[in-house]
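All letters in the sequence shown, in the order written, are residues 1 to 282 by UniProt numbering. The structure appears below as structure tokens.
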Amino acid sequence: MILDRRAELGEFLRSRRARIDPDELGLPHSGRRRVPGLRREELARLAGVSVDHYVRLEQGRTLHFSESVLDAVARALRLDPVERDHLHRLARPFAPADPGRAQRVRPGLRRLLQAVGDVPAYVIGRDADVLAWNDLAAALLTDFGALDPGQRNMARLVLLDEGIRRLYVDWPAKVRDVAGFLRLDAARHPSDPRSRALIDELRAASPEFRAAWAEHGLKEKTHGTYEYRHPVVGRLTLGFEALRLPDDPDQALVAHTVEEGSPSETALRLLATWTYQSAPAR
């Protein structure tokens with residue numbers, strides 16, 4: 001099963017209409033509202049397009065809308081840059097990708113991972129697959145090398161692995177982030193059945209993911225901060241920077257950062273010491 005972009009487009013637009021308070025825009029009250037947010041005709045008027053034109057967009061009758069119409073709708077809905085790009089991606093023709101193409105990590109990138117051994121770092125690919133990692137990333141998150149290749153997936157681990165669930169102090173926020181990452185990824189590759197299969201699996205297995213998916217949130221993996229509850233070194237707060245590869249934007253190098261002089265820096269050093277002491281001799 002592949003992504004139904006017409007259905008996804010309609011649900012996305014309805015979710016964004018629902019979050020806008022008509023009172024904030026000074027719209028007149030014209031009868032009782034059956035649903036929250038803006039009506040279709042109100043949104044069309046704000047965007048400067050005909051009601052029929054907007055209805056055809058929301059119902060996905062065609063995927064050939066002009067850039068100017070999409071930009072006008074994005075402004076009326078107060079979309080942020082990530083949401084705007086998502087709207088354009090859903091509402092415009094796309095070039096099907098090769099779903100069978102295996103992702104491979106360059107040897108030089110693997111060497112770079114080991115060279116930055118004082119911080120947890122890994123390479124993440126399509127569908128949140130973990131493609132490569134250093135020893136400290138394995139110590140922080142999980143022993144990826146002990147998992148079957150098909151299980152080295154951060155989305156599946158966050159939702160279905162009890163150890164990873166306990167690791168994140170604010171696990172519900174992480175779940176929402178995972179749902180946002182996967183929604184963007186699925187929209188970038190709507191013809192890839194692997195993406196849809198993963199989403200369907202997680203929706204069936206996790207009510208928390210199912211609820212987060214229904215919110216139609218979007219999350220670009222760029223940078224951020226998570227607080228961890230590690231079984232060896234206790235609590236630590238780590239930032240992360242995700243750097244997409246220029247020649248393969250489906251891969252990103254994720255490196256964690258820590259505030260200098262903080263208790264988290266001490267905890268991370270302890271984790272590194274424990275990692276190297278526990279590592280088998282080579």
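Note that beta-carbon positions come from the ideal geometry of N, C-alpha and C, so glycine has one too.
Could you tell me which residues DSSP puts in a beta bridge with residue i?
{"i": "PHE240", "result": "GLY224 and HIS256"}
{"i": "ASN153", "result": "ASP129"}
{"i": "GLY234", "result": "HIS230"}
{"i": "LEU245", "result": "ASP248"}
{"i": "TYR168", "result": "TYR228"}
Since residue i is in the beta strand (DSSP E), which residue starts that stretch and which ends it?
{"i": "TYR54", "result": "Per DSSP, TYR54 belongs to no beta strand (DSSP E); it is in the alpha helix (DSSP H), 51-58."}
{"i": "LEU121", "result": "Checking the sequence shown, residue 121 turns out to be Ala, not Leu. Looking at the DSSP string, the run of the beta strand (DSSP E) that includes ALA121 is 121-124."}
Quick check: residue i and residue j, are their CB atoms within less than 8 Å of each other?
{"i": "VAL116", "j": "TYR122", "result": "no"}
{"i": "VAL69", "j": "VAL49", "result": "yes"}
{"i": "ASP247", "j": "GLN103", "result": "no"}
{"i": "LYS221", "j": "ALA197", "result": "no"}
{"i": "LEU202", "j": "ALA252", "result": "no"}
{"i": "ALA132", "j": "LEU113", "result": "yes"}
{"i": "GLU8", "j": "LEU90", "result": "yes"}
{"i": "HIS256", "j": "VAL105", "result": "no"}
{"i": "TYR228", "j": "VAL169", "result": "yes"}
{"i": "ALA212", "j": "LEU236", "result": "no"}
Can you tell me the Cβ-Cβ gap for residue i and residue j, rounded? I've got them flagged as a contact below 8 Å.
{"i": "ALA47", "j": "VAL35", "result": "With a Cβ gap of about 18 Å, ALA47 and VAL35 do not count as contacting."}
{"i": "LEU160", "j": "ALA205", "result": "6 Å"}
{"i": "ARG110", "j": "ASP185", "result": "About 23 Å; that fails the 8 Å criterion."}
{"i": "HIS216", "j": "GLY239", "result": "Wrong, their Cβ atoms sit about 27 Å apart, outside the cutoff."}
{"i": "ILE20", "j": "LEU57", "result": "Not really, about 16 Å apart at Cβ, beyond 8 Å."}
{"i": "GLU208", "j": "PRO172", "result": "7 Å"}
{"i": "HIS86", "j": "ALA187", "result": "6 Å"}
{"i": "ILE164", "j": "THR142", "result": "6 Å"}
How would you write the range of the alpha helix (DSSP H) that residue i sits in, first residue to last?
{"i": "ALA76", "result": "67-76"}
{"i": "ALA139", "result": "135-140"}
{"i": "ARG196", "result": "193-205"}
{"i": "SER15", "result": "5-18"}
{"i": "GLU41", "result": "40-47"}
{"i": "ALA91", "result": "81-91"}
{"i": "GLY145", "result": "No alpha helix (DSSP H) holds GLY145; DSSP gives it neither H nor E."}
{"i": "ALA102", "result": "Per DSSP, ALA102 belongs to no alpha helix (DSSP H) and is neither H nor E."}
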